[in-house]
Structure formats: C-alpha cells, structure tokens
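For reference, the structure discussed in these notes is given below.
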Amino acid sequence: MAHLRSARLREVLGAEVDDLAYDDIVGLVASNVAESFDLDFKRDSYVSSDGGKKALAIDVAALANAAGGVIVLGVDEDDQARASAAPGVDTSDDEVRRLVQTVAAGVAPLPPFDVRAIPGRDGRPGFIAIAVARSALAPHAVVVHDTLRYPLRTGTTTRYLNEPEVAAAYRDRWTSASARLERADTVEADVVERLDGDSPWVVVSLVPELPGHFDVTAASYRAFEREVRDRSIHPLAGGGAAFHQVDVGFERLTANGSLRVDGPDKGISAALHTDGSGVVAAQCWDIRRGVQPPDPSHTIAEESLAALLAGSVQFLALHARDRAQTSGTALVRAFIVTATSVDETYLGHARQGFPVTNGRSITGRQSPVATTYALVDAAAAGRAELLVAVRRLLVGLGHAFGLPELPQFTDAGALRWPYWSHHFRPAAKQWADSHGVEIDESVADP
C-alpha cells in the first residue's frame, strides 16, 4: 500500500498500513479505538449489488477528496463508533479483485488506493484494509441517481460538495500543477547559483504533489548530518562525490561536497525542504578529461548520467517519504548545467576502451528540462519502478543532444547490460542485485 502514509494512523493502528497484521486489527477492539476522519470500520464487506458497489465508490471518493484514510472490513462498531468486535470477512483473491474493480469502475478520476487482505489466524477469518490517499486529482466523482456527485468525508460522516465547492476544488486541481512547476523552479535556482562552474552538472529536483512536513530542529539536523556526511548517494555510479559540508537554510537542510566552508559547491550539492521537495546537483564525469592534446569541450559519460539520475531521484524520494512523511505522485525534473569556461558539451561513452562522442553539442549554460512523474514510495524503494521514471528523464536529456534514446535502462526498468562499460559494471551489478533489478542482455533497436 505504497499510496498512503500517515503518522497518525501508524500511531492509532500500531503499524504502517503496509504492515498491518491480524493482531493489529484485533487490538483495535481491545483498545476500543474509535472511527475518525481517516479511519472507518465495516462489519461486513461491500455486497456485490448496485447499492453495495455505490457505497464502496462513495466511501473511497469521500476519503480521497478529504485527508485520505483506511476502511477496515471485518470490524464491527458500537453506538459510539468504537471498534467492538472483529468477526472478519472473506479475504480471498477473488474478493480483493472484486473490490478493486468496483472502485475502478465507480470513481472518476481513479484516486490512489490499495486493497490488501490481512489473513486470519487459527481458522478465524481475516480482514481487508482499503487504503486511500489524499488525492491531488480531487475532486473525485461518483454517479448517484444518474448525477455526478462529489462525496467528502467530514469527521466520521460523509456529505456531498455543493456547486461552489466543486468549482473551487477543480480550480485547486489546475492551479496546484502550476504551483509545483513554480516550486521546482525555486528549489532548483537556489542550488544552481552555488555550483562550481569548472565542470558540467546534472541537476535533479522532486516536488511531491501533496506537500509533507518536517521540522528543522537540532535533532533532525544531527540525524541528517549522520546520514550524509562523508557519504555518497550514487551507489550505481560506484560511489561518486560525497557530502562534506552540512548546513541549515531557511526551511531546509543543505549539504555539499566542498572541503571548504566558503566558495562554490563542488562534487555534489543538495537542498532538502520541509515540504518534502528537494534538489540534488552532481558533477558529471567528463570522459575526455586528461586526453592529450587537451580537448576544449566536455563529453559527459552516458552511464555516469544514468547512474547519477537514479541515485539522485531515490535520495530525494527517500527524503519526501521518510523525513517529510508524504506519499503519492511527485513531479521529477532534470537538466544539465554546463561549465562556464566551455562552449560545447556532448554526451558519449568509452565502452570500446576509448572516448566516443554521440549526437550534437549543447551550448549555453543549461540544457532543456526533462520532466516526468513518479510514485514517491516506489522511487524510494529503488526497484524497477525507480528506473522506469529515471529512463524517461534520461531519454529526455538525450533529446537535447539530438539522440533519440539513451539505452542504459529498458522500458520495464531493467539495466540494459551492453550499454554499461566495464568501468561501471561492478557497481551496477551490485546495485541491481541488492534492489532486485533485472539485468537485460538485449541490444536496443538502432
């Protein structure tokens, strides 16, 4: 249930929604836990009649239009809406599939939700948890008496939005997309202006659709310092630059790879904001550095760019998920900042043992911006889903150099092995094995 993360529900339920077990649900009865704005109990599952399907769609849409929450099937409640018994429900795969299909057919647009069976024990029935995230796509509608209605959970009850509220919700949906782009511009500019101009950089930003929050305190600063100081965030690249300076900015934690307190950021730079947004800039490997005679241009290694994108996106997603406690979808962007002293910057590789330049050069201080969206939890986990999003960024950046495709990752999020040079393969293999990512031996279409 990667879509929903809630510190309040974790405290009430005794576990993350993803990790709920039979004893956690039974414990709600023992503790007389009451329903709330984000917690709903149902003694029975939703029946398969039209009325049951409509009730499920309304309950899911109402949570998505509000703060999100969990519906627990198989728990009865007393007249004060407190858990009073746990008779359980059918938890078969067919039942879970039916509930998923009912929501998919009954709510528009489809909100971020998951349905999870919690098996019973000692021959007793289990439970089903329907987790619904607060949705950036709100308002979500259901059909009631041949009319679109927009339910909203308020406290422990559900009401329908009136016409002015619906209009305001649609306005918020469209303006929030623009606000995310503006937010990305802001967090990126703060880092770019501090970068050392002697080398090319790749800059990656992530802005959650639904802002989270954490407090910058002495404790959170110390925890951040322990996490990043003298460490690299790019294992797929075989390490790369490490953070050496750690600092605090306005509503953000910062770090960079410079050995000096003053002067520009070198090697790597990051700013992690209290709303869950963040940016990482990493210096790219120039495969022609040290070539004689000296080359006046820069050629960024394709594999280096791919690896830096993957590590940066995962690092930013972990910040959004674990520090700012947000989830759902995030806007992810990437662009290249060229060296101030170089007129031309290329992409290339050294897979044949010597530098090869591909495509055309980019000129100017910055490349066009590649943009995609990714689920925060999936990107943080670092599995194939991360590389699917990273591939979209990588391909987009390749277009700026006149290259139709950079082939380091497949569409399914595997590492395409023929396009990783021997220099990168040991670290890439170790990373892929530890994250359960496939290695694909196929050659990309020409």
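The numbering of the sequence shown is numbering that gives the first Met the number 0, which starts it at 0 and goes up by one. Glycine included, every Cβ here is placed at the ideal spot set by N, Cα and C.
**Request:** Tell me Lys53's beta-bridge partners as DSSP assigns them.
**Result:** Taking the first residue of the sequence shown as position 1, residue 53 is located at position 54. Bridge pairing for Lys53: absent [DSSP].
**Message:** Beta-carbon within less than 7 Å of Pro138's beta-carbon, same chain only, minus the 5 sequence neighbours each way: which residues are those?
**Reply:** On the sequence shown, position 139 is the one that residue 138 refers to. Counting only residues of its own chain and dropping the five nearest sequence neighbours on each side, Pro138 has a CB closer than 7 Å to the CB of Asn64, Tyr149, Leu160, Val165, Ala168 and Tyr169.
**Asked** For Arg332 versus Ala183, is the C-beta distance shorter than 7 Å?
**Response** The residue given as residue 332 occupies position 333 in the sequence shown. The residue given as residue 183 occupies position 184 in the sequence shown. Cβ atoms of Arg332 and Ala183: closer than 7 Å.
**Item:** Span separating the alpha-carbon of Thr273 from that of Asp214
**Value:** Here residue 273 refers to the residue found at position 274 when the sequence shown is read from its first residue. Here residue 214 refers to the residue found at position 215 when the sequence shown is read from its first residue. Their Cα atoms are separated by approximately 7 Å.
**Request:** Could you pull out every unbroken beta strand (DSSP E) segment of at least 3 residues lying fully inside the stretch 215 to 303, listed in chain order?
**Result:** DSSP runs (the beta strand (DSSP E)) wholly in the stretch 215 to 303: 244 to 248, 251 to 255, 267 to 272, 277 to 282 and 297 to 300.
**Message:** Relative to the C-alpha of Glu15, which candidate in Gly119, Phe36 and Ala130 has its C-alpha closest?
**Reply:** Translated into positions along the sequence shown, residue 15 becomes position 16. When Gly119, Phe36 and Ala130 are compared, the shortest CA-CA separation from Glu15 is found for Ala130.
**Asked** Using DSSP with H/G/I as helix, E/B as strand and the rest coil, what is Val28?
**Response** As a working note, residue 28 is residue 29 in the sequence shown. Assigned with DSSP and collapsed to three states, Val28 falls in helix.
**Asked** Whose C-beta lies closer than 7 Å to the C-beta of Leu364 among residues of the same chain, with five residues either side of it excluded?
**Response** Indexing the sequence shown from 1 puts residue 364 at position 365. Strictly speaking, residue 364 in this sequence is Arg, with Leu absent from that position. Within the same chain, and ignoring the five residues on either side of Arg364 in sequence, the residues whose Cβ sits closer than 7 Å to its Cβ are Val336 and Thr337.
**Request:** Over the uninterrupted beta strand (DSSP E) stretch that includes Arg344, give me the two end residues.
**Result:** Position 345 of the sequence shown, counted from the start, is the residue given in the question as residue 344. The question names Arg, yet the displayed sequence has Thr at residue 344. For Thr344, the enclosing beta strand (DSSP E) begins and ends at Thr344 to His348.
**Message:** Could you compute how far the alpha carbon of Ser257 sits from the alpha carbon of Pro199?
**Reply:** For the purposes of this step, residue 257 is identified with residue 258 of the sequence shown, where counting begins at 1. For the purposes of this step, residue 199 is identified with residue 200 of the sequence shown, where counting begins at 1. Taking the straight line from one Cα to the other gives about 16 Å.
**Asked** Which two residues bound the contiguous beta strand (DSSP E) that contains Trp451?
**Response** Any property of residue 451 remains undetermined from this structure, which presents the chain solely from 0 to 445.
**Request:** Verify whether the separation of the beta carbon atoms of Gly381 and Gln313 is less than 7 Å.
**Result:** Residue mapping note: residue 381 aligns to position 382 of the sequence shown, counting from 1. Residue mapping note: residue 313 aligns to position 314 of the sequence shown, counting from 1. Contact: yes.
**Prompt:** Which of the three DSSP states, helix, strand or coil, is assigned to Arg148?
**Reply:** In the sequence shown, counting from the first residue as 1, residue 148 sits at position 149. Three-state DSSP puts Arg148 in a strand.
**Message:** Just to confirm before moving on: does the CB-CB distance between Val59 and Leu72 stay below 7 Å?
**Reply:** Here the question's residue 59 lines up with position 60 in the sequence shown. Here the question's residue 72 lines up with position 73 in the sequence shown. Taking the C-beta atoms as reference points, Leu72 is found no nearer than 7 Å to Val59.
**Message:** Please state the DSSP three-state secondary structure of Val442.
**Reply:** Within the sequence shown, residue 442 is the residue found at index 443, counting from 1. Coil, per DSSP.
**Message:** Mapping the DSSP letters down to three states, classify Thr45 as helix, strand or coil.
**Reply:** Position 46 of the sequence shown holds residue 45. According to the sequence shown, residue 45 is Tyr rather than Thr. Tyr45 falls in the coil class under three-state DSSP.
**Request:** Spell out a yes or no on whether the stretch 232 to 241 and the stretch 304 to 320 are touching, meaning 3 or more CB-CB pairs, one atom from each, closer than 8 Å.
**Result:** Taking 8 Å as the limit for Cβ pairs, the verdict is that the stretch 304 to 320 does touch the stretch 232 to 241.
**Asked** In the structure shown, what three-state DSSP assignment does Pro163 receive?
**Response** In the sequence shown, the residue the question calls residue 163 occupies position 164. Helix at Pro163.
**Asp113, DSSP secondary structure in three states** = For the purposes of this step, residue 113 is taken as residue 114 along the sequence shown, with counting starting at 1. When secondary structure is reduced to three states using DSSP, Asp113 falls in the strand class.
**Asked** Taking the alpha-carbon positions, what's the Val442 to Pro406 distance?
**Response** Here residue 442 corresponds to residue number 443 of the sequence shown, with the count starting at 1. Here residue 406 corresponds to residue number 407 of the sequence shown, with the count starting at 1. Spanning the two alpha carbons is a distance of roughly 9 Å.
**Request:** Go ahead and label Val142 buried or exposed: buried means 16 or more other beta carbons lie within 10 angstroms of its beta carbon, across all protein chains shown.
**Result:** Looking up residue 142 in the sequence shown gives position 143. Per the 10 Å Cβ criterion, exposed.
**Prompt:** Which residue's Cα is closest to the Cα of Val202: Val114, Asp321 and Ala188?
**Reply:** Counting from 1 along the sequence shown, the entry for residue 202 is found at position 203. For the residues Val114, Asp321 and Ala188, the minimum Cα distance to Val202 belongs to Ala188.
**Message:** At the level of alpha carbons, what is the spacing between Gly248 and Asp75?
**Reply:** As a position in the sequence shown, residue 248 is number 249, starting the count at 1. As a position in the sequence shown, residue 75 is number 76, starting the count at 1. Their Cα atoms are separated by approximately 49 Å.
**Asked** Mind checking whether Leu205 and Phe223 have CB atoms under 7 Å apart?
**Response** For the purposes of this step, residue 205 is taken as the residue at position 206 of the sequence shown. For the purposes of this step, residue 223 is taken as the residue at position 224 of the sequence shown. No, the Cβ-Cβ distance between Leu205 and Phe223 is not below 7 Å.
**Asked** What residue range is occupied by the uninterrupted alpha helix (DSSP H) comprising Arg96?
**Response** Locating residue 96 in the sequence shown gives position 97, counting from the first residue. From DSSP, the alpha helix (DSSP H) with Arg96 extends over Asp92 to Gly105.
**Item:** Segment limits, alpha helix (DSSP H) that includes Arg332
**Value:** As a first step, residue 332 must be located in the sequence shown, where it is residue number 333. No alpha helix (DSSP H) contains Arg332, which is instead part of the beta strand (DSSP E) from Thr328 to Val336.
**Prompt:** Ala319: which of Gly397, Arg287 and Val278 sits nearest, CA to CA?
**Reply:** For this step, residue 319 is matched to residue 320 along the sequence shown. Taking only the C-alpha atoms, the option nearest Ala319 is Val278.
**Asked** Going by the CB atoms, is the gap between Tyr345 and Thr409 shorter than 7 Å?
**Response** Mapped onto the sequence shown, residue 409 falls at position 410. Mapped onto the sequence shown, residue 345 falls at position 346. The answer is no: Cβ separation not under 7 Å.
**Prompt:** Taking Cβ positions, are Ala140 and Ala107 nearer each other than 7 Å?
**Reply:** Start at 1 with the first residue of the sequence shown, and residue 140 comes out as number 141. Start at 1 with the first residue of the sequence shown, and residue 107 comes out as number 108. In contact: Ala140 and Ala107 (Cβ atoms closer than 7 Å).
**Message:** I need the DSSP call for Gly401, collapsed to helix, strand or coil.
**Reply:** Locating residue 401 in the sequence shown gives position 402, where the first residue counts as 1. Gly401 falls in the coil class under three-state DSSP.
**Prompt:** Can the beta-carbon of Arg359 be found closer than 7 Å to that of Gly401?
**Reply:** Numbered from 1 along the sequence shown, position 360 holds the residue referred to as residue 359. Numbered from 1 along the sequence shown, position 402 holds the residue referred to as residue 401. Yes, they are a contact pair.
**Sequence-distant residues of its chain with Cβ nearer than 6 Å to Leu98 (five each side left out)** = Here the question's residue 98 lines up with position 99 in the sequence shown. Shown here for Leu98: same chain residues with a beta carbon closer than 6 Å to its own, the five before and five after excluded, namely Val114 in chain order.
**Prompt:** Cβ of Leu109 within 7 Å of Cβ of Ala116?
**Reply:** The sequence position of residue 109 within the sequence shown is 110, counting from 1. The sequence position of residue 116 within the sequence shown is 117, counting from 1. Contact: no.
**Message:** In whole angstroms, give me the CA-to-CA distance for Leu304 and Gly211.
**Reply:** Numbered from its first residue, the sequence shown carries residue 304 at position 305. Numbered from its first residue, the sequence shown carries residue 211 at position 212. Each residue's Cα considered, the two are about 29 Å apart.
**Prompt:** Of the residues Tyr45, Asp39, Tyr21 and Ala240, which one's Cα is nearest the Cα of Asp121?
**Reply:** Your numbering for residue 121 matches position 122 in the sequence shown. The residue among Tyr45, Asp39, Tyr21 and Ala240 with its C-alpha nearest the C-alpha of Asp121 is Tyr21.
**Asked** Which word fits Pro417, buried or exposed, when buried means at least 16 other C-beta atoms lie within 10 angstroms of its C-beta?
**Response** Indexing the sequence shown from 1 puts residue 417 at position 418. A residue is called buried when at least 16 other Cβ atoms come within 10 angstroms of its Cβ; Pro417 does not meet this threshold and is exposed.
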